[in-house]
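Enquirer: From first to last, the protein sequence lines stand for chains A and B.
Residue numbering for the first sequence follows the working numbering, starting at 3 and increasing by one per position.
Residue numbering for the second sequence follows the working numbering, starting at 447 and increasing by one per position.
Think of the CB as a built atom: it goes at the ideal place given N, C-alpha and C, for glycine as much as any other residue.
Predicted, not measured: the structure shown is a model, and the values here were computed from it.
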Amino acid sequence: MRWRLPASTAVLALVLAGCSADDAPTEAPTTEQADPTEKASEAGTADPKPADTATGGTARDDVVDEATYTLPGTEDDVTVGVLPLEVEGDVMTLRLVFTPDFSSVGDDEPVDVYDMYPDNLYKFRPVLVDRENLKEYSPISDTGIDWTADTTGLSAVNGESVEWWGVYAAPEDDIDTFDLRLRESLPEFADIPVP
Amino acid sequence: MTTASPAAAVDSPEDLPAPTPQQLAASIRVWSVDGSVRTLETVATEGAETTISLATDILFASQSFELPTSAAPRIAELLADVPEGAAVQVHGHTDSLVGPIPNDELSRNRAQAVADVIAAERPDLVLEVAGLADAEPVARENPDDPATYAANRRVEIIHGG
């Protein structure tokens, strides 16, 4: 079993229910595990979402990869898009586009990004893995404060998108792609291109 | 500027003393990329025993025990100093969290994947392979610090003990 998603423009459906990783905090009280046989939403057939966004211009058309998952124990879906990595000087910026499709809230009720990923008892720290040179890049941090957007300070209503960002060290090696591990309980995004 | 007026007693910035180099340095927080890039292995020696710890987050995708092609040459390099015919333990470890694949099975399969590479690269070594799940953590897990969980997810190659 290889939990990786090839980078593509196709929208991929992920079965999140019961699919915590080896390291997945399945006991997290905020994300009750669901029946592993529960069917994931077929993201490719989901209703198209409007292009306008909660951040005033986040363009889902720009994403290099995208996946939709259902939060465990709910019927709340989230689509996450990965925008092209940006490298400038010593740093690299990762931007993710979150679009909620929550059945548990009204269409006018904003959803925090904090509530859009599983196991949110645990700190949100996506990592970029260079498996060619066997290195892992985490958000730059200083005295415990990550150089990332605060997921409790970002929100969007159903069908709208909101952008999260994190700043990482620029690649140390001449590489073409990273694998992105968004959350331990989610399959990885594979082969995210490095500009 | 004067050099003696306390900040609380002045009416304008112009009345403040010249700051010392130490004050200036302490007032700037320098963001650094240091520590944000983790490499595959850490090596620790205690007495005659050497433990090479491989980060499974880097070696394997989630719930996977398939090694990237880059792993074999790196592992071979790490074993270069192991004497001919030595006994080597290959132990898989997980954190305490449980996913679709039970931790004992996952840790055993990952240890076996590493052992298979070692057997191919160094057929002279005598291997003992085990999956220990979360029985031997090296870090106390803290939900606010994902690195503590990551530290426990590893395959250890132990020799010389």
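From the DSSP output, which residues share a beta bridge with Gly75 (chain A)?
Expert: Here the question's residue 75 (chain A) lines up with position 73 in the first sequence. Secondary-structure assignment with DSSP links Gly75 (chain A) through no beta bridge to anything.
Enquirer: Does Glu34 (chain A) pass the burial test, meaning 16 or more other C-beta atoms within 10 Å, or should it be called exposed?
Expert: Residue mapping note: residue 34 (chain A) aligns to position 32 of the first sequence, counting from 1. Because the pLDDT of Glu34 (chain A) is 27, which lies under 50, any placement of that residue in the model is unreliable, and the number read from its coordinates should be weighed accordingly. Answer is exposed; the Cβ neighbour count stays below 16.
Enquirer: Check each residue of the segment 572 to 590 of chain B: if its Cβ is closer than 7 Å to any Cβ of chain A, include it; give the result in chain order.
Expert: For the segment 572 to 590 of chain B, the beta-carbon criterion of a distance under 7 Å to any beta-carbon of chain A is satisfied by Pro589, Asp590.
Enquirer: Return the CA-CA distance between Ala158 (chain A) and Phe104 (chain A), expressed in angstroms with no decimal places.
Expert: Looking up residue 158 (chain A) in the first sequence gives position 156. Looking up residue 104 (chain A) in the first sequence gives position 102. Approximately 11 Å between the Cα atoms of the pair.
Enquirer: For the alpha helix (DSSP H) that Ile504 (chain B) lies in, which residues bound it at each end?
Expert: Translated into positions along the second sequence, residue 504 (chain B) becomes position 58. Where Ile504 (chain B) is concerned, the enclosing alpha helix (DSSP H) stretches over 502 to 505.
Enquirer: Compute the Euclidean distance between the alpha carbons of Val113 (chain A) and Ser106 (chain A), then round it to the nearest angstrom.
Expert: Numbered from its first residue, the first sequence carries residue 113 (chain A) at position 111. Numbered from its first residue, the first sequence carries residue 106 (chain A) at position 104. The alpha-carbon atoms of Val113 (chain A) and Ser106 (chain A) are separated by roughly 10 Å.
Enquirer: Give me the chain B residues within the contact set of Val131 (chain A), using Cβ-Cβ distance strictly less than 9 Å, ordered along the chain.
Expert: The residue given as residue 131 (chain A) occupies position 129 in the first sequence. Chain-ordered, the chain B residues with CB closer than 9 Å to the CB of Val131 (chain A) read Asp503, Ile504, Ala507.
Enquirer: In the DSSP assignment, the alpha helix (DSSP H) including Glu567 (chain B) goes from what residue to what residue?
Expert: If you number the second sequence from 1, residue 567 (chain B) lands on position 121. Counting along the chain, the alpha helix (DSSP H) containing Glu567 (chain B) begins and ends at 549 to 567.
Enquirer: Count the other CB atoms, across all protein chains shown, that sit within 10 Å of the CB of Asn598 (chain B); report buried if there are 16 or more and exposed otherwise.
Expert: In the second sequence, residue 598 (chain B) corresponds to position 152, counting from 1. So Asn598 (chain B) counts as buried.
Enquirer: In the DSSP assignment, find the alpha helix (DSSP H) that holds Leu486 (chain B) and state where it starts and stops.
Expert: Residue 486 (chain B) sits at position 40 when you count from the first residue of the second sequence. Looking at the DSSP string, Leu486 (chain B) is not in any alpha helix (DSSP H), and its letter there is neither H nor E.
Enquirer: Tell me whether Ile147 (chain A) is buried or exposed, calling it buried when 16 or more other Cβ atoms sit within 10 Å of its Cβ.
Expert: Numbered from its first residue, the first sequence carries residue 147 (chain A) at position 145. With fewer than 16 other Cβ atoms within 10 Å, it is exposed.
Enquirer: In three-state terms, what does DSSP make of Asp37 (chain A)?
Expert: Position 35 of the first sequence, counting from 1, holds the residue named residue 37 (chain A). For Asp37 (chain A), the predicted model reports a pLDDT of 33, less than 50, meaning its position is unreliable; a value from the coordinates is still stated below. The answer is coil: DSSP assigns Asp37 (chain A) none of H, G, I, E or B.
Enquirer: Count the CB pairs spanning the segment 175 to 186 of chain A and the segment 120 to 138 of chain A that are closer than 8 Å, and state whether there are at least three.
Expert: yes
Enquirer: Taking DSSP as the reference, what is the three-state secondary structure of Thr515 (chain B)?
Expert: Residue 515 (chain B) sits at position 69 when you count from the first residue of the second sequence. Here Thr515 (chain B) sits in coil by DSSP.
Enquirer: Going along chain B in order, which residues have a C-beta closer than 9 Å to the C-beta of Pro189 (chain A)?
Expert: For this step, residue 189 (chain A) is matched to residue 187 along the first sequence. In chain order, Ala507, Ser508, Gln509 make up the part of chain B whose C-beta sits under 9 Å from the C-beta of Pro189 (chain A).
Enquirer: Any idea what DSSP makes of Leu182 (chain A), helix, strand or coil?
Expert: Within the first sequence, residue 182 (chain A) is the residue found at index 180, counting from 1. It is a strand residue.
Enquirer: Chain B partners of Ser87 (chain A), CB-CB under 9 Å?
Expert: If you number the first sequence from 1, residue 87 (chain A) lands on position 85. A small correction: the amino acid at residue 87 (chain A) is Leu; Ser does not occupy that position in the sequence shown. Chain B residues near Leu87 (chain A): none, gap ~15 Å exceeds 9 Å.
Enquirer: Suppose you measure from the CA of Glu471 (chain B) to the CA of Glu138 (chain A); what does that come to, to the nearest Å?
Expert: By one-based count along the second sequence, residue 471 (chain B) stands at place 25. By one-based count along the first sequence, residue 138 (chain A) stands at place 136. Checking the displayed sequence, the identity of residue 471 (chain B) turns out to be Ala instead of Glu. Using only the alpha carbons, I get a separation of about 31 Å.
Enquirer: Can you find a CB in chain A that lies within less than 8 Å of the CB of Leu486 (chain B)?
Expert: By 1-based counting over the second sequence, the position of residue 486 (chain B) is 40. By this cut-off, Leu486 (chain B) is an interface position.
Enquirer: Mind listing the chain A neighbours of Ser516 (chain B)? Cutoff is C-beta to C-beta under 8 Å, in chain order.
Expert: The residue labelled residue 516 (chain B) in the question sits at position 70 within the second sequence. Those within 8 Å of Ser516 (chain B) in chain A are Arg133, Glu134, Asn135, Leu136.
Enquirer: Would you mind sorting Asn160 (chain A) into buried or exposed? The rule is 16 or more other CB atoms within 10 Å of its CB.
Expert: Translated into the one-based positions of the first sequence, residue 160 (chain A) becomes position 158. Counting Cβ neighbours within 10 Å, Asn160 (chain A) comes out buried, since at least 16 surround it.
Enquirer: According to DSSP, what are the bridge partners of Asp457 (chain B)?
Expert: By one-based count along the second sequence, residue 457 (chain B) stands at place 11. None, per the DSSP bridge assignment.
Enquirer: The ligand PLP and Asp562 (chain B): does the residue's C-beta get closer than 7 Å to at least one heavy atom of that ligand?
Expert: Annotation note on the ligand PLP: not contained in the displayed structure, which lists no ligands.
Enquirer: Measure from the alpha carbon of Trp149 (chain A) to the alpha carbon of each residue in B:Asp457, B:Ser482, B:Asp461, then state which is nearest.
Expert: Here residue 149 (chain A) is taken as the residue at index 147 of the first sequence, counted from 1. Ranking B:Asp457, B:Ser482, B:Asp461 by Cα distance to Trp149 (chain A) puts B:Ser482 first.
Enquirer: Would you say Pro592 (chain B) reaches chain D, if we count a Cβ-Cβ gap shorter than 8 Å as a contact?
Expert: Chain labels in this structure do not include chain D; the protein chains are A and B.
Enquirer: For Ala151 (chain A), decide whether its Cβ has a neighbour in chain B, counting only Cβ atoms nearer than 8 Å.
Expert: Residue numbering aside, residue 151 (chain A) sits at position 149 when the first sequence is read from its first letter. Contact with chain B is absent for Ala151 (chain A), since none of that chain's Cβ atoms lies less than 8 Å from the residue's Cβ.
Enquirer: Have a look at Ala533 (chain B) and Gly607 (chain B) and give me their C-alpha separation to the nearest angstrom.
Expert: Indexing the second sequence from 1 puts residue 533 (chain B) at position 87. Indexing the second sequence from 1 puts residue 607 (chain B) at position 161. Going from the Cα of Ala533 (chain B) to the Cα of Gly607 (chain B) covers about 9 Å.
Enquirer: Counting only C-beta atoms, is Arg568 (chain B) closer than 8 Å to chain A at any point?
Expert: Residue numbering aside, residue 568 (chain B) sits at position 122 when the second sequence is read from its first letter. So, not an interface residue.
Enquirer: Are the beta-carbon atoms of Ala172 (chain A) and Val93 (chain A) separated by less than 8 Å?
Expert: Translated into the one-based positions of the first sequence, residue 172 (chain A) becomes position 170. Translated into the one-based positions of the first sequence, residue 93 (chain A) becomes position 91. Their beta carbons are under 8 Å apart, which means Ala172 (chain A) touches Val93 (chain A) by this criterion.
Enquirer: Would a check of beta-carbon distances place Leu156 (chain A) closer than 8 Å to chain B?
Expert: Here residue 156 (chain A) corresponds to residue number 154 of the first sequence, with the count starting at 1. No, its Cβ sits nowhere closer than 8 Å to a Cβ of chain B.
Enquirer: Does Pro467 (chain B) come out as helix, strand or coil in the three-state DSSP assignment?
Expert: Counted from its first residue, the second sequence places residue 467 (chain B) at position 21. Note: Pro467 (chain B) maps to helix in three-state DSSP.
Enquirer: So which of B:Glu512, B:Ser516, B:Ala565, B:Ser458 has the shortest CA-CA distance to Ile603 (chain B)?
Expert: Here residue 603 (chain B) refers to the residue found at position 157 of the second sequence. Ranking B:Glu512, B:Ser516, B:Ala565, B:Ser458 by Cα distance to Ile603 (chain B) puts B:Ala565 first.
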